[in-house]
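In the working numbering, the protein residues as written are 131 to 272.
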């Protein structure tokens with residue numbers, strides 16, 4: 131039924147719960163998981179600092195994304211689930227999720243539903259936009 135699952139990973143506790151739920155479901159269903167982290171583009175001041183100092187901000191941000199995605203990959207390996215990972219830069223994570231779900235032929239999107247502080251509203255908005263604009267079923271993990 132769900133052969134390909136897109137998992138949005140963002141480092142929140144809800145994301146950790148979504149990862150474990152997704153990996154458990156994928157193991158039970160024999161699914162492939164595509165883990166995705168969408169990074170907001172760096173502000174111009176960070177780009178200037180990178181130009182002067184040599185990619186310090188870029189390296190820090192992509193390193194964090196790689197670390198988050200590696201966690202999903204390790205969890206998948208422990209459960210016998212194949213996990214592909216990707217991070218990308220975009221101002222609209224909802225559009226990236228909808229696009230990747232379509233291009234990867236995903237049958238399900240699993241994403242966190244809330245995060246700490248003001249991120250709570252942001253994540254609700256992302257989930258809402260994915261639900262409104264996508265064609266793939268969405269499982270939102272609180």
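Glycine residues also receive a C-beta, built at the ideal position from the N, C-alpha and C atoms.
All values reported here derive from a predicted model rather than from experimental measurement.
- The alpha carbon of residue 163 has as its nearest neighbour, out of 191, 151, 271 and 211, the alpha carbon of 211.
- Ranking 219, 199 and 226 by CA distance to the CA of residue 150 puts 199 first.
- Residue range 143 to 159 is occupied by the alpha helix (DSSP H) that includes residue 152.
- In the three-state scheme derived from DSSP, where H, G and I count as helix and E and B as strand, residue 132 is classed as coil.
- Measuring C-alpha to C-alpha distances from residue 216 to each of 222, 190 and 167 identifies 167 as the nearest.
- Comparing alpha carbon positions, the residue from 261, 218, 266 and 241 closest to residue 272 is 241.
- For residue 233, the uninterrupted alpha helix (DSSP H) segment begins and ends at 223 to 233.
- Residue 204 sits exposed, since fewer than 16 C-beta atoms from the chains shown fall within 10 Å of its C-beta.
- Ranked by Cα distance from residue 171, the options 145, 261 and 220 are led by 220.
- Under DSSP, residue 165 shares a beta bridge with 137 and 215.
- The residues 217, in chain order, have a CB closer than 7 Å to that of residue 192 in the same chain once the five nearest residues on each side in sequence are set aside.
- Residue 153 is positioned such that its CB atom lies no closer than 9 Å to that of residue 225.
- Within its own chain, the residues whose Cβ lies closer than 8 Å to the Cβ of residue 230, once the five positions on either side in sequence are excluded, are 136, 164, 166, 216 and 236, listed in chain order.
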